[in-house]
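Novice: Pasting in a structure now, in structure tokens, and then I'll have a few things to ask.
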Amino acid sequence: ILLIIDKKISIVIGVNEQDNDNDNNYGDKNNDALNYELTFLYNKHDNDVSKSVVISHITAFEIIWKQAETRKIIENTDKVKEDFINICAHELRSPIQPILGLSILVKNKISDSNQREMLDVIIRNAKRLKRLADDLLEVTKIESNSIKLDREKFNLNDFLNDVLFDYTNKILRDSLNDDYTFNIAKSIPHDIVFFVDADKDRLVQVISNILNNAVRATEDAINNENLESGTIQFSLTQNTVKDIQISVKDMGPGIDAQILSKLFTKFITKSGRGIGLGLFITKSIIEAHGGRIWAENNKGEKGATFYFTLPILMQSQKNSELKKILVVDDTPAFALSLKNTFENDDKYLVDIYSNPATMLQKFVSGYYDFVILDIEMPEINGFDLSQQLRKKDDRVQVIFMTSGGTNYEPLRELYGISEKNHFIKKTLGAEKILKQLNALVEENRNN
Numbered sequence: 394i395l396l397i398i399d400k401k402i403s404i405v406i407g408v409n410e411q412d413n414d415n416d417n418n419y420g421d422k423n424n425d426a427l428n429y430e431l432t433f434l435y436n437k438h439d440n441d442v443s444k445s446v447v448i449s450h451i452t453a454f455e456i457i458w459k460q461a462e463t464r465k466i467i468e469n470t471d472k473v474k475e476d477f478i479n480i481c482a483h484e485l486r487s488p489i490q491p492i493l494g495l496s497i498l499v500k501n502k503i504s505d506s507n508q509r510e511m512l513d514v515i516i517r518n519a520k521r522l523k524r525l526a527d528d529l530l531e532v533t534k535i536e537s538n539s540i541k542l543d544r545e546k547f548n549l550n551d552f553l554n555d556v557l558f559d560y561t562n563k564i565l566r567d568s569l570n571d572d573y574t575f576n577i578a579k580s581i582p583h584d585i586v587f588f589v590d591a592d593k594d595r596l597v598q599v600i601s602n603i604l605n606n607a608v609r610a611t612e613d614a615i616n617n618e619n620l621e622s623g624t625i626q627f628s629l630t631q632n633t634v635k636d637i638q639i640s641v642k643d644m645g646p647g648i649d650a651q652i653l654s655k656l657f658t659k660f661i662t663k664s665g666r667g668i669g670l671g672l673f674i675t676k677s678i679i680e681a682h683g684g685r686i687w688a689e690n691n692k693g694e695k696g697a698t699f700y701f702t703l704p705i706l707m708q709s710q711k712n713s714e715l716k717k718i719l720v721v722d723d724t725p726a727f728a729l730s731l732k733n734t735f736e737n738d739d740k741y742l743v744d745i746y747s748n749p750a751t752m753l754q755k756f757v758s759g760y761y762d763f764v765i766l767d768i769e770m771p772e773i774n775g776f777d778l779s780q781q782l783r784k785k786d787d788r789v790q791v792i793f794m795t796s797g798g799t800n801y802e803p804l805r806e807l808y809g810i811s812e813k814n815h816f817i818k819k820t821l822g823a824e825k826i827l828k829q830l831n832a833l834v835e836e837n838r839n840n
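Residue numbering for the sequence shown follows the working numbering, beginning at 394 and increasing consecutively.
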């Protein structure tokens, strides 16, 4: 039974899949459409409802019904297609790994240059197939909305410097042509540091993909114009108060205008190489982080520039004299007294937490100069907490607060605490703890 309601009339219609000779049947018996039996109808004024009005409502329902059926067919087709691609990608990837592994193993055991070159061809193409299988699996995750981000908070400047260092070394290691050289000219601020909450592995994937495109485009320019070198420009800038912008500029032939508008869709490739999934995946990763990505042809010169943005957690002036301190103590009043005392000295910015679990969730790698931990907390002791912090940031200095005596050597031996970590007595009070902190900062400055 279907109840159709609008402002003027309400119609109750019986839906019947078989022919019906009932006089109230307004369905078409001469086609495969459903037949309808009008069982009751009225309007709010209790006037008769015309046959044409009823038929118009039935027709509207029939259109909606057919649209629903069509949508279901499309969804089923998409599901079959996704399952097929997923199975193919898994089946393709399974034999690639042993081929790749054994080829590398054999290459390392032979010295004949011709044989090594042939194995290089096998290895190179096996890696290409593996990337293809990985991309296909990635696409199925994206289209099923199952892409996952393993987010962590970190210093973006340091991260980008490390990624570019590794990528430059990879280019030098994998280069098959000694006739020209590549240079990545990076512009990453030294005076300001950006902190983000992102998936490091996914960002490496994004940056590598964009750089790979830039390298290929620049290679084309080098070969076509007989150049001896090529330069790719990589820049990090602040876009707005809430996000940063990363750009990668190449010196290639640029992007065809017809392709530019649909560059980030599936199976679109600007070079004729590959199957056009890389930039689609890249766009999906950036958007999952809350950013956006686009590309433009360079104005007044050859080449193209890719841009993407990422939200930032915070930023910090590197040349600032203010030291950043994190205090974790399960006594909020004492932690607050430390914060007020330290910040009144005009040398420190202090964040405080009474819940270690919350602190670990919000901890930003590379941001703090010192972390002050209470040893005796109910949920986790300060030593175990410091080990978890070390996994996020192995450079931060940790200061342990204890209410016990001053013989810390047994604690150092028991928990493996290095000499660079310091102990202070909590019972000294905030003012004396500040003096010890000032002395430690001065000691670091002199070293």
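Every residue gets a Cβ at the ideal spot worked out from N, C-alpha and C, and that includes glycine.
Only a predicted model underlies this, so the values are computations on that prediction, with no experimental measurement involved.
(1) Quick check on Gly683: buried or exposed, where buried means 16 or more other Cβ atoms within 10 Å of its Cβ?
(2) Thinking C-alpha only, which one of Ser496, Thr574, Val834, Asn691 is nearest Asn616?
(3) Which class does Tyr761 belong to by DSSP, given the choice of helix, strand or coil?
(4) Just the Cα atoms here: how many angstroms apart are Cys481 and Arg544?
(5) Keeping to the same chain, check which residues put their C-beta closer than 7 angstroms to that of Asp399; ignore five residues upstream and five downstream.
(6) Who are the near neighbours of Asn691 in its chain, counting only those whose CB is closer than 8 angstroms to its CB and skipping five residues on each side?
(7) What is the rounded straight-line gap between the Cα of Ala681 and the Cα of Phe657?
(8) For the alpha helix (DSSP H) holding Asn518, just list the boundary residues, first then last.
(9) I'd like the list of long-range same chain contacts for Gln351, defined as Cβ closer than 7 angstroms, with 5 residues on each side in sequence excluded.
(10) Smallest Cα separation from Tyr844: which of Lys716, Lys635, Ile768?
(11) Which of the three DSSP states is assigned to Leu703 in this structure?
(12) Helix, strand or coil for Ile466? Go by DSSP, reduced to three states.
(13) Starting from Met644, follow the alpha helix (DSSP H) in both directions and report where the run begins and ends.
(14) Grouping DSSP H, G and I as helix and E and B as strand, with all else coil, what is Met794?
(15) Judging by CA-CA distance, which residue of Ile466, Ile489, Phe763 is the nearest neighbour of Arg517?
(16) Using three-state DSSP, classify Val834 as helix, strand or coil.
(17) Check Phe433 in the structure and name its three-state DSSP category.
(18) Is it buried or exposed, Ser539, if we count other Cβ atoms within 10 angstroms and call 16 or more buried?
(19) DSSP beta-bridge partners for Gln626?
(20) From the DSSP secondary-structure annotation, give me the bridge partner or partners of Lys815.
(21) Taking 8 angstroms as the limit between beta carbons, can you name the residues of its chain near Lys635, skipping five residues before and five after?
(22) Label Glu337 either buried or exposed according to how many other C-beta atoms from any shown protein chain fall within 10 Å of its C-beta, with 16 as the threshold for buried.
(23) Given a cut-off of 8 angstroms, decide if Ser487 and Ile515 are closer than it, judged by their beta-carbon atoms.
(24) So, is Leu731 buried or exposed, given that buried needs 16 or more other C-beta atoms within 10 angstroms?
(25) Ordered along the chain, which non-local residues of its own chain (more than five positions away) have a Cβ less than 7 angstroms from that of Asp439?
(26) From Val791, Val499, Val586, Glu769, pick the residue whose C-alpha is nearest to that of Ser779; which is it?
(27) Give me the residue from Asp613, Gly822, Val586, Leu525 with the minimum Cα distance to Phe547.
(28) Contact defined as beta carbons within less than 8 angstroms: I believe Met794 pairs with Ile773. What is the distance between those atoms, to the nearest angstrom?
(29) In whole angstroms, give me the CA-to-CA distance for Ser504 and Asp513.
(30) Following the continuous beta strand (DSSP E) through Ile674, name the residue where it begins and the one where it ends.
(31) With DSSP as the reference, label Ile564 as helix, strand or coil.
(32) Return helix, strand or coil for Leu719, following the three-state DSSP convention.
(33) Answer yes or no: do Leu729 and Ile745 have a C-beta to C-beta separation smaller than 8 angstroms?
(34) Under 8 angstroms, do Val599 and Ile678 count as touching if we go by C-beta distance?
Specialist: Looking at the coordinates:
(1) Numbered from its first residue, the sequence shown carries residue 683 at position 290. Per the 10 Å Cβ criterion, exposed.
(2) In the sequence shown, residue 616 corresponds to position 223, counting from 1. That would be Thr574, whose Cα lies nearest to the Cα of Asn616.
(3) Taking the sequence shown and counting its residues from 1, the one referred to as residue 761 is at position 368. Coil, per DSSP.
(4) The residue labelled residue 481 in the question sits at position 88 within the sequence shown. The residue labelled residue 544 in the question sits at position 151 within the sequence shown. The straight-line gap from Cα to Cα measures roughly 30 angstroms.
(5) For the purposes of this step, residue 399 is taken as the residue at position 6 of the sequence shown. Confidence is the limiting factor: at Asp399 the pLDDT is only 49, short of 50, which leaves the residue's position unreliable, though a coordinate-based value still follows. Counting only Cβ-Cβ distances below 7 angstroms, and skipping sequence neighbours, we find nothing.
(6) Numbered from 1 along the sequence shown, position 298 holds the residue referred to as residue 691. These residues qualify, in order along the chain: Lys642, Gly647, Ala697, Thr698.
(7) On the sequence shown, residue 681 is found 288 positions in, with the first residue counted as 1. On the sequence shown, residue 657 is found 264 positions in, with the first residue counted as 1. The alpha-carbon atoms of Ala681 and Phe657 are separated by roughly 15 angstroms.
(8) Here residue 518 is taken as the residue at index 125 of the sequence shown, counted from 1. That run of the alpha helix (DSSP H) goes 506-536.
(9) Only positions 394 to 840 of the chain appear in this structure, which leaves residue 351 out of reach.
(10) As shown, the chain starts at 394 and ends at 840. That puts residue 844 outside it, with no answer to give.
(11) Against the sequence shown, residue 703 aligns to sequence position 310. In the three-state scheme derived from DSSP, where H, G and I count as helix and E and B as strand, Leu703 is classed as strand.
(12) Translated into the one-based positions of the sequence shown, residue 466 becomes position 73. In the structure shown, Ile466 sits in a helix (DSSP, three-state: H, G or I).
(13) Within the sequence shown, numbered from 1, the residue matching residue 644 stands at position 251. Unbroken run through Met644: none, as it is neither H nor E.
(14) Counted from its first residue, the sequence shown places residue 794 at position 401. In the structure shown, Met794 adopts extended strand secondary structure according to DSSP, grouped into three states.
(15) Your numbering for residue 517 matches position 124 in the sequence shown. That would be Ile489, whose Cα lies nearest to the Cα of Arg517.
(16) Position 441 of the sequence shown, counting from 1, holds the residue named residue 834. Helix.
(17) Numbered from 1 along the sequence shown, position 40 holds the residue referred to as residue 433. Any answer about Phe433 is weak, because its pLDDT of 43 lies below 50 and its placement is not dependable; what the coordinates show is given next. The DSSP-derived three-state label of Phe433 is strand.
(18) Within the sequence shown, residue 539 is the residue found at index 146, counting from 1. It is exposed - the Cβ of Ser539 has fewer than 16 other Cβ atoms within 10 Å.
(19) Within the sequence shown, residue 626 is the residue found at index 233, counting from 1. Paired residue(s): Ala578, Lys642.
(20) The residue labelled residue 815 in the question sits at position 422 within the sequence shown. Looking at the sequence shown, residue 815 is not Lys but His. Answer is Ile792.
(21) Numbered from its first residue, the sequence shown carries residue 635 at position 242. Same-chain partners within the cutoff: Pro704, Ile705.
(22) It is not possible to answer for residue 337, since the shown part of the chain is limited to 394 through 840.
(23) Within the sequence shown, the letter at position 122 stands for residue 515. Within the sequence shown, the letter at position 94 stands for residue 487. In terms of Cβ geometry, Ile515 and Ser487 do not form a close pair [threshold 8 angstroms].
(24) Here residue 731 refers to the residue found at position 338 when the sequence shown is read from its first residue. Its Cβ being crowded by 16 or more others within 10 Å, Leu731 is buried.
(25) Residue 439 sits at position 46 when you count from the first residue of the sequence shown. For Asp439, the pLDDT reaches just 47, beneath the cut-off of 50, and the residue's location in the model is therefore unreliable, leaving the point undetermined.
(26) Residue numbering aside, residue 779 sits at position 386 when the sequence shown is read from its first letter. Taking the Cα of Ser779 as reference, the smallest distance to any Cα among Val791, Val499, Val586, Glu769 is reached at Val791.
(27) Taking the first residue of the sequence shown as position 1, residue 547 is located at position 154. If we check each option's Cα against that of Phe547, Val586 comes out closest.
(28) The sequence position of residue 794 within the sequence shown is 401, counting from 1. The sequence position of residue 773 within the sequence shown is 380, counting from 1. Contact annotation, Met794 with Ile773: C-beta distance approximately 14 angstroms; criterion of less than 8 angstroms not satisfied.
(29) Within the sequence shown, the letter at position 111 stands for residue 504. Within the sequence shown, the letter at position 120 stands for residue 513. Each residue's Cα considered, the two are about 13 angstroms apart.
(30) In the sequence shown, residue 674 corresponds to position 281, counting from 1. Note, Ile674: premise wrong, no beta strand (DSSP E); alpha helix (DSSP H) at 671-681.
(31) For this step, residue 564 is matched to residue 171 along the sequence shown. Residue state for Ile564 is assigned as helix, using DSSP reduced to three classes.
(32) Counting from one through the sequence shown, the residue named residue 719 turns up at place 326. In the three-state DSSP reduction, Leu719 falls in the strand class (E or B).
(33) For the purposes of this step, residue 729 is identified with residue 336 of the sequence shown, where counting begins at 1. For the purposes of this step, residue 745 is identified with residue 352 of the sequence shown, where counting begins at 1. At a Cβ-Cβ threshold of 8 angstroms, Leu729 and Ile745 count as neighbours.
(34) Indexing the sequence shown from 1 puts residue 599 at position 206. Indexing the sequence shown from 1 puts residue 678 at position 285. Yes, they are a contact pair.
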